[in-house]
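Student: In this note's numbering, the protein residues as written are 81 to 416.
Yeah, the Cβ is synthetic: ideal placement off N, Cα and C, and Gly gets one too.
What follows is a structure written as structure tokens; I'll ask about it next.
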Amino acid sequence: MRTLCHNRRMTRHRPLPALLRAQLYQHLAAMEKAGLPPDRAYALLDLGRAGRERVAAFRKLAARRNEPAGAGLASGLFSTFEARLLRAAFAAGSPLATYQRLADFHATRAQQLATLRSRMVLPVAILTIALFVQPLPALAGGTLSGGAYLWRVLSPLLALGGAALLAARASEWFASGSESPARAGVESALLALPVFGPMHLRRNMRDFVDSLALLLDAGLPLFDAMPVALDTVGNRLVRADLEAMLPKLTAGATLAQAIKTLRVADTGQLHALVLTGEQSGTLPEMLRRHAASESETINRFQLEMMAWLPRVFYALVALWMALSILSSSLGAVAPL
Numbered sequence: 081m082r083t084l085c086h087n088r089r090m091t092r093h094r095p096l097p098a099l100l101r102a103q104l105y106q107h108l109a110a111m112e113k114a115g116l117p118p119d120r121a122y123a124l125l126d127l128g129r130a131g132r133e134r135v136a137a138f139r140k141l142a143a144r145r146n147e148p149a150g151a152g153l154a155s156g157l158f159s160t161f162e163a164r165l166l167r168a169a170f171a172a173g174s175p176l177a178t179y180q181r182l183a184d185f186h187a188t189r190a191q192q193l194a195t196l197r198s199r200m201v202l203p204v205a206i207l208t209i210a211l212f213v214q215p216l217p218a219l220a221g222g223t224l225s226g227g228a229y230l231w232r233v234l235s236p237l238l239a240l241g242g243a244a245l246l247a248a249r250a251s252e253w254f255a256s257g258s259e260s261p262a263r264a265g266v267e268s269a270l271l272a273l274p275v276f277g278p279m280h281l282r283r284n285m286r287d288f289v290d291s292l293a294l295l296l297d298a299g300l301p302l303f304d305a306m307p308v309a310l311d312t313v314g315n316r317l318v319r320a321d322l323e324a325m326l327p328k329l330t331a332g333a334t335l336a337q338a339i340k341t342l343r344v345a346d347t348g349q350l351h352a353l354v355l356t357g358e359q360s361g362t363l364p365e366m367l368r369r370h371a372a373s374e375s376e377t378i379n380r381f382q383l384e385m386m387a388w389l390p391r392v393f394y395a396l397v398a399l400w401m402a403l404s405i406l407s408s409s410l411g412a413v414a415p416l
């Protein structure tokens, strides 16, 4: 019980920045590719001041437990999702492919976030200028005090900053994988969202298919690989739907037949590839092909969102400015 509580406290770390996480997995992939033993690879790991304490805790835990995925989770180096993926990778034999996948994912995410920040500079600057300029006539006319002017300027900025901080914290909480009564409701709501819900579902299905391919390619039997692959699915509703395949497989159904009975996901393409893979003896290859195709779709969607978010914010700022000008004009005409 003490160990479990300790692990829960340790996993409350805020996630490392995407760029540092990319460096972490790039290092681990390079060390694995070079054939260095794990203890030597971990000894050479350096993430600077931001990750020094976590690296030290990780090395101690990994040496004591000889279980890198759990050590990385407890020390705060790995997220819950990353630890699940790596457990599947270690069960398959070599974590090299998973290290590289995570390195690429976080490198892409770091680049996308940097692009988003640069694109948001102009609309945020326009909003800030508008907030300072809009109440100036009232201040100059004496109908607005200096303190009231500052409050009118700063309150919208504080509200937007608070909303952004709350959204970031909510995203970190959800990504941490922490179990709570609210999580089931959030997961259900995510699946029901237009546009974003289908992508959330596809990401969970991609993780399952990719992990299953990795395990089968390593030679694990399907019945041994399924529980490990299911553990990489973050959304419990999707996981429950996938778990419903197990009794069908036990009763003698093929994987293609079991996939066809899934209710949550659209499995048309996946079913066709699995059927082809089972008939030709290339099931892991077909699963990898499907996972790669889904990853490309998800990445394109993220890039589109990064491009559209600044435009939507800019349009909202322009609309607010137009409404402010219109209301000021109506206010000036009203006494006549």
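(1) Starting from F158, follow the alpha helix (DSSP H) in both directions and report where the run begins and ends.
(2) Output needed for S155: all residues of its chain with C-beta closer than 7 Å, excluding positions within five of it in sequence on either side, in chain order.
(3) What separation, rounded to the nearest whole angstrom, lies between the Cα atoms of R232 and L211?
(4) Give the single residue among Q192, R164 and A239 whose Cα lies nearest to the Cα of D290.
(5) Please classify P434 as buried or exposed, where buried requires at least 16 other C-beta atoms within 10 Å of its C-beta.
(6) Going straight from the alpha carbon of L271 to that of Q214, what length do you get?
(7) So, with DSSP's three-state summary, where would you put N146?
(8) Might you give, ordered along the chain, the residues of its own chain that have their beta carbon closer than 6 Å to the beta carbon of N87, omitting 5 neighbours on each side?
(9) Can you name the start and end residues of the alpha helix (DSSP H) that K113 belongs to?
(10) For V275, which three-state DSSP category applies?
(11) Relative to the C-alpha of S174, which candidate in Q382, A187, L116 and R391 has its C-alpha closest?
(12) Between R319 and A371, how many whole angstroms is the CB-CB distance? I'm expecting something under 8 Å.
(13) Taking only the alpha-carbon atoms, compute the straight-line gap between F338 and R283 and give it to the nearest angstrom.
(14) Between the Cα of Q180 and the Cα atoms of A298, Q103 and F276, which residue gives the shortest distance?
(15) Determine the burial state of T330: buried for a count of at least 16 other Cβ atoms within 10 Å of its Cβ, exposed for fewer.
(16) Check the C-beta distance from H107 over to L125 and give it rounded, since I have them as a contact under 8 Å.
(17) Is the beta carbon of V308 sitting closer than 8 Å to the one on A168?
Tutor: Let's see:
(1) Indexing the sequence shown from 1 puts residue 158 at position 78. Annotation for F158: no alpha helix (DSSP H) segment contains it, and DSSP assigns it neither H nor E.
(2) Against the sequence shown, residue 155 aligns to sequence position 75. These residues qualify, in order along the chain: M90, R134, A137, F138 and L141.
(3) Within the sequence shown, numbered from 1, the residue matching residue 232 stands at position 152. Within the sequence shown, numbered from 1, the residue matching residue 211 stands at position 131. Rounded to the nearest whole angstrom, the CA to CA distance from R232 to L211 is 8 Å.
(4) As a working note, residue 290 is residue 210 in the sequence shown. Checking every option, the nearest Cα to that of D290 belongs to R164.
(5) In the structure displayed, the chain extends from 81 to 416; residue 434 sits before or after that span and is not available.
(6) Mapped onto the sequence shown, residue 271 falls at position 191. Mapped onto the sequence shown, residue 214 falls at position 134. A straight-line Cα-Cα distance of about 41 Å links L271 and Q214.
(7) In the sequence shown, the residue the question calls residue 146 occupies position 66. Coil.
(8) Against the sequence shown, residue 87 aligns to sequence position 7. Reliability of the predicted coordinates at N87 is poor, the pLDDT of 41 falling under 50, and the value obtained from them is presented with this limitation in mind. The residues are A154.
(9) Position 33 of the sequence shown, counted from the first residue, corresponds to residue 113. Counting along the chain, the alpha helix (DSSP H) containing K113 begins and ends at A98 to A114.
(10) Position 195 of the sequence shown, counted from the first residue, corresponds to residue 275. The answer is coil: DSSP assigns V275 none of H, G, I, E or B.
(11) Counting from one through the sequence shown, the residue named residue 174 turns up at place 94. For the residues Q382, A187, L116 and R391, the minimum Cα distance to S174 belongs to L116.
(12) For the purposes of this step, residue 319 is taken as residue 239 along the sequence shown, with counting starting at 1. For the purposes of this step, residue 371 is taken as residue 291 along the sequence shown, with counting starting at 1. Under the criterion of beta carbons closer than 8 Å, R319 and A371 do not qualify as touching, at roughly 17 Å.
(13) Translated into the one-based positions of the sequence shown, residue 338 becomes position 258. Translated into the one-based positions of the sequence shown, residue 283 becomes position 203. Before going further, note that residue 338 is Ala rather than Phe in the sequence given. Looking at the two C-alpha atoms, the distance is approximately 20 Å.
(14) As a position in the sequence shown, residue 180 is number 100, starting the count at 1. Comparing Cα positions, the closest option is Q103.
(15) As a first step, residue 330 must be located in the sequence shown, where it is residue number 250. Exposure of T330 is indicated by the presence of fewer than 16 other C-beta atoms within 10 angstroms of its C-beta.
(16) In the sequence shown, counting from the first residue as 1, residue 107 sits at position 27. In the sequence shown, counting from the first residue as 1, residue 125 sits at position 45. Right, their Cβ atoms sit about 6 Å apart.
(17) Walking along the sequence shown from the start, residue 308 turns up at place 228. Walking along the sequence shown from the start, residue 168 turns up at place 88. By the CB criterion at 8 Å, V308 and A168 fall inside the cutoff.
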